[in-house]
Amino acid sequence: TLTYTNMIHCMCLKGKVDDALCFLDEMINKNYTPDVVDYTVVISGLCKRGRMEQAYEILEKMQKNGCEPSVWTYNHIIDGLCIVGQVEAALEWVRVMQNGGFDPNIYTYTILIDGLCKVGKLDWAKEIFDEALGMGLKPNVVTYNALLNGHCKGGKLNEALTLIEDMYQTDCEPDRVTYTTLLQGLVKGSRFSEALSVHDEMEEKGYEVNLQTLNSLARGLCREANHKDASRLFKRMQQRGYAHDATNYYLWIHSCCMAQEMEAAQTLLYEMMSNSYTPNIMTYNTIIKGFCKQGRLDDATKMINFMLENGTNPDIVSYNILIKEFFKQGRVNDAHQLYAAALERGVVPS
RNA sequence: GACAUAUUUCGAAAU
1 TLTYTNMIHC MCLKGKVDDA LCFLDEMINK NYTPDVVDYT VVISGLCKRG RMEQAYEILE
61 KMQKNGCEPS VWTYNHIIDG LCIVGQVEAA LEWVRVMQNG GFDPNIYTYT ILIDGLCKVG
121 KLDWAKEIFD EALGMGLKPN VVTYNALLNG HCKGGKLNEA LTLIEDMYQT DCEPDRVTYT
181 TLLQGLVKGS RFSEALSVHD EMEEKGYEVN LQTLNSLARG LCREANHKDA SRLFKRMQQR
241 GYAHDATNYY LWIHSCCMAQ EMEAAQTLLY EMMSNSYTPN IMTYNTIIKG FCKQGRLDDA
301 TKMINFMLEN GTNPDIVSYN ILIKEFFKQG RVNDAHQLYA AALERGVVPS
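Taken in order, the first sequence gives residues 1 to 350; the numbers are from our numbering.
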């Protein structure tokens, strides 16, 4: 029995639900009796993948075999329905479990709140939240985070900030997820000074700001042409020994180019290559555009050649930028020459 | 012994 239980758990953890299903069947066929947890783990695995029909089958099977489902069993069913977007059906199951004599716990409510938020029903989610309070349940960080995420995604940033206040007032300490969610929301709403404060607060409190979040903040700052804060962010990353990725390098280079700091941009290009990141076409084009902006057309031309040497073919954009600039400066011959070269390489500039 | 939450890619030329 122990072996089967272990196998079922293991398979579900690895995402091999079908194998877990086989073990469960085999267990029953050999007249062992799986317990609630065995059944629930399998149901959980199925629900996480939205395979609700099969989850129902197992639920029926367990009841037929005289095994009572627990709150957790129901929670997984409810979660699965939320995952496939059937929140109404999920709410229906809450009633089913109540009729069966089980009180929903804070996990049940958190699942519902998250589900409602993910389909944009924020007011409803708030109602469920209040209902949980009315039941004497204490919302935890995850409950708040789910509600917070919904409000951030829905652009309700002021409400989101109010939620943070509530958290402090109810002694629910915000965690890394709270801050990351808020930071992402503020970036999405272009509220960069607040986003930067959240970022600083995270650093102060020792919460890790992940690379994706840093990149999206940096991208927002670049969009706003806020080179000062962007470069502060990049430099801080370097100080703290964060690893850069290709996107991060691209954004940094882009930021430098916009600020006309071409030497820095070039240094970063070499640095990223020596760290074995391959610059993409946008990284190169940003640099070409940066040189053009400064009228350094020969450097821009060199960059085209550098690309060719390093196995990245300049695209229509690369050529367009430079040809246009040649014309602007009255270097008609160079423009024509580059156009011809582009054609030879199979690109037709417009 | 099983359970819930967030995680960029809206980016470069032209138009």
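Yeah, the Cβ is synthetic: ideal placement off N, Cα and C, and Gly gets one too.
When the options are compared against residue i, the one with the closest alpha-carbon
i: L137; options: P104, H151, L221 and D79; result: P104
i: L91; options: L112, V41 and I83; result: L112
i: V37; options: E26, I8, K324 and C22; result: I8
i: I83; options: W72, K48 and N65; result: K48
i: C67; options: T33, G206 and C152; result: T33
i: A20; options: D35, N29, K30 and G45; result: G45
i: Y377; options: G15, F23 and K14; result: Past the edges of the chain, shown from 1 to 350, lies residue 377, and the structure says nothing about it.
i: P139; options: H151, G155, P174 and K153; result: P174
i: F326; options: H244, P69, Y277 and D299; result: D299
i: F352; options: T213, R176 and N6; result: Residue 352 lies beyond the stretch modelled for the chain, which goes from 1 to 350, so this question has no answer here.
i: T180; options: P69, L2, T1 and L196; result: L196
i: E26; options: K14, T1 and G15; result: T1
i: L157; options: V141, M167 and V187; result: V187
i: Y39; options: G50, P69, R51 and M52; result: P69
i: I316; options: I281, L297 and A243; result: I281
i: G290; options: M303, T278, M262 and N305; result: M262
Where the alpha helix (DSSP H) through residue i begins and ends
i: Y250; result: A246 to M258
i: T170; result: Per DSSP, T170 belongs to no alpha helix (DSSP H) and is neither H nor E.
i: S350; result: Counting along the chain, S350 falls outside any alpha helix (DSSP H), and DSSP gives it neither H nor E.
i: Q329; result: Where Q329 is concerned, there is no enclosing alpha helix (DSSP H), given that its DSSP letter is neither H nor E.
i: Y388; result: Lying outside 1 to 350, the shown extent of the chain, residue 388 is not represented and no answer is given.
i: K48; result: V36 to K48
i: M62; result: M52 to K64
i: T71; result: According to the sequence provided, residue 71 is Val. The question's Thr does not apply to it. Where V71 is concerned, the enclosing alpha helix (DSSP H) stretches over V71 to I83.
i: C152; result: V141 to K153
i: N310; result: Note, N310: premise wrong, no alpha helix (DSSP H); not H, not E.
i: N6; result: L2 to L13
i: T278; result: Here T278 belongs to no alpha helix (DSSP H), and DSSP marks it neither H nor E.
i: Y109; result: I106 to K118
i: A230; result: H227 to Q239
heavy atom of the ligand FAD below 7 Å from residue i C-beta
i: R236; result: The ligand FAD is absent from the structure shown, which contains no ligands of any kind.
Straight-line gap, residue i to residue j (C-alpha atoms, nearest Å)
i: K228; j: N333; result: 39 Å
i: R95; j: E88; result: 11 Å
i: V17; j: R240; result: 41 Å
i: V209; j: V198; result: 10 Å
i: I253; j: S318; result: 16 Å
i: L343; j: P349; result: 8 Å
i: A225; j: F234; result: 15 Å
i: F201; j: Y207; result: The amino acid at residue 201 is misidentified as Phe; the sequence shows Glu. Using only the alpha carbons, I get a separation of about 9 Å.
i: A264; j: Y249; result: 12 Å
i: M273; j: G134; result: 58 Å
i: K118; j: V71; result: 23 Å
i: N320; j: P314; result: 10 Å
i: G346; j: S231; result: 37 Å
i: L221; j: K205; result: 23 Å
i: C152; j: G330; result: 51 Å
i: T143; j: E309; result: 54 Å
i: Y74; j: M97; result: 7 Å
i: E194; j: S255; result: 20 Å
i: R223; j: I288; result: 18 Å
i: N31; j: K14; result: 26 Å
i: F102; j: Y56; result: 18 Å
i: E60; j: Y168; result: 43 Å
i: H76; j: R176; result: 25 Å
i: N65; j: G80; result: 23 Å
i: N29; j: R51; result: 23 Å
i: T301; j: E203; result: 42 Å
i: L122; j: N99; result: 27 Å
i: M237; j: T247; result: 14 Å
i: C10; j: T286; result: 48 Å
i: G150; j: N215; result: 22 Å
Contact belief for residue i with residue j at Cβ below 8 Å, rounded distance in angstroms
i: L268; j: C292; result: Between C292 and L268 the Cβ distance is about 18 Å, and since that is not below 8 Å, they are no contact.
i: T178; j: L148; result: 6 Å
i: M258; j: Y284; result: Incorrect: roughly 15 Å between the Cβ atoms, too far for contact.
i: L251; j: A218; result: 5 Å
i: A160; j: G185; result: 6 Å
i: Q266; j: Q294; result: Not quite, the Cβ-Cβ distance comes to about 12 Å (not below 8 Å), so this is no contact.
i: D171; j: L211; result: Contact doesn't hold; Cβ gap of about 31 Å is too wide.
Neighbourhood of residue i by C-beta distance below 8 Å, restricted to the same chain and skipping five residues each side
i: C12; result: A20, V41, V42, S44 and G45
i: E131; result: Y109
i: V141; result: M167, C172, E173, P174, D175, V177 and T178
i: Y270; result: none
Contact set for residue i: own chain, Cβ-Cβ below 7 Å, skip 5 residues either direction
i: T162; result: none
i: L338; result: Y319, L322, I323 and F326
i: G155; result: G189
i: A146; result: T110, I113, D114 and C117
i: A335; result: I323, F326 and F327
i: W124; result: L116
Cut-off 6 Å between Cβ atoms - residues of its own chain near residue i, not counting five sequence neighbours on either side
i: W93; result: I77 and I78
i: Q54; result: L46
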